[in-house]
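Letter 64 of the sequence shown, counting from 1, is numbered 64 in full-length UniProt numbering, and no numbers are missing.
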Amino acid sequence: MNLAPASNAMLAAESSAEPAGAAPAGDAEHSASGLRVWPSNTLLAGRQEAHIAHNGELYTLRRTRAGRLILTK
1 MNLAPASNAM LAAESSAEPA GAAPAGDAEH SASGLRVWPS NTLLAGRQEA HIAHNGELYT
61 LRRTRAGRLI LTK
């Protein structure tokens with residue numbers, strides 16, 4: 001799937017992500033293993049779905065009525 005021009009801003013932001021080992025941004029927290037963890041509510045921002053740009057592709061993270069998460073391309 002090719003990204004629309006509006007999504008290119010998301011890719012630019014992704015490429016300027018913080019360096020490894022930097023303090024987490026926003027609501028991200030570090031787990032006991034040192035990995036950054038974002039609550040799903042932060043990613044979804046009160047909505048049923050969020051779009052994630054990764055390696056030139058656009059993915060959709062969707063919350064189901066049962067409260068589960070589905071990631072699709």
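Backbone N, C-alpha and C fix where the C-beta goes; we use that ideal spot for every residue, glycine too. Note that the structure is predicted; figures quoted are calculated from it, not measured.
Under the rule that 16 or more other beta-carbon atoms within 10 Å means buried, what is residue i, buried or exposed?
{"i": "Pro-24", "result": "For Pro-24, the predicted model reports a pLDDT of 46, less than 50, meaning its position is unreliable and no value from the coordinates is stated."}
{"i": "Ala-66", "result": "exposed"}
What does a CB cutoff of less than 8 Å around residue i pick up in its chain, not counting 5 residues either side in sequence?
{"i": "Ser-31", "result": "Val-37"}
{"i": "Ser-44", "result": "The sequence shown places Leu at residue 44, not Ser. If we look at Leu-44 and ignore the five residues flanking it on each side, its Cβ neighbours are Ala-50, Leu-61 and Arg-63."}
Could you compute how far the alpha carbon of residue i sits from the alpha carbon of residue j?
{"i": "Gly-56", "j": "Ser-40", "result": "23 Å"}
{"i": "Ala-28", "j": "Arg-47", "result": "18 Å"}
{"i": "Ser-33", "j": "Leu-71", "result": "24 Å"}
{"i": "Ala-6", "j": "Arg-68", "result": "A caution first: Ala-6 carries a pLDDT of 42, below 50, which makes its placement in the model unreliable, though a value can still be read off. So the alpha carbons of these two residues sit roughly 28 Å apart."}
{"i": "Lys-73", "j": "His-54", "result": "10 Å"}
Could you name the residues of the same chain whose beta carbon sits closer than 7 Å to that of residue i, not counting the 5 residues immediately before and after it, in chain order?
{"i": "Ile-52", "result": "Tyr-59 and Leu-61"}
Measuring only from the beta carbon, is residue i closer than 7 Å to any heavy atom that is part of the ligand ZN?
{"i": "Leu-44", "result": "The ligand ZN is not part of this structure, which contains no ligands at all."}
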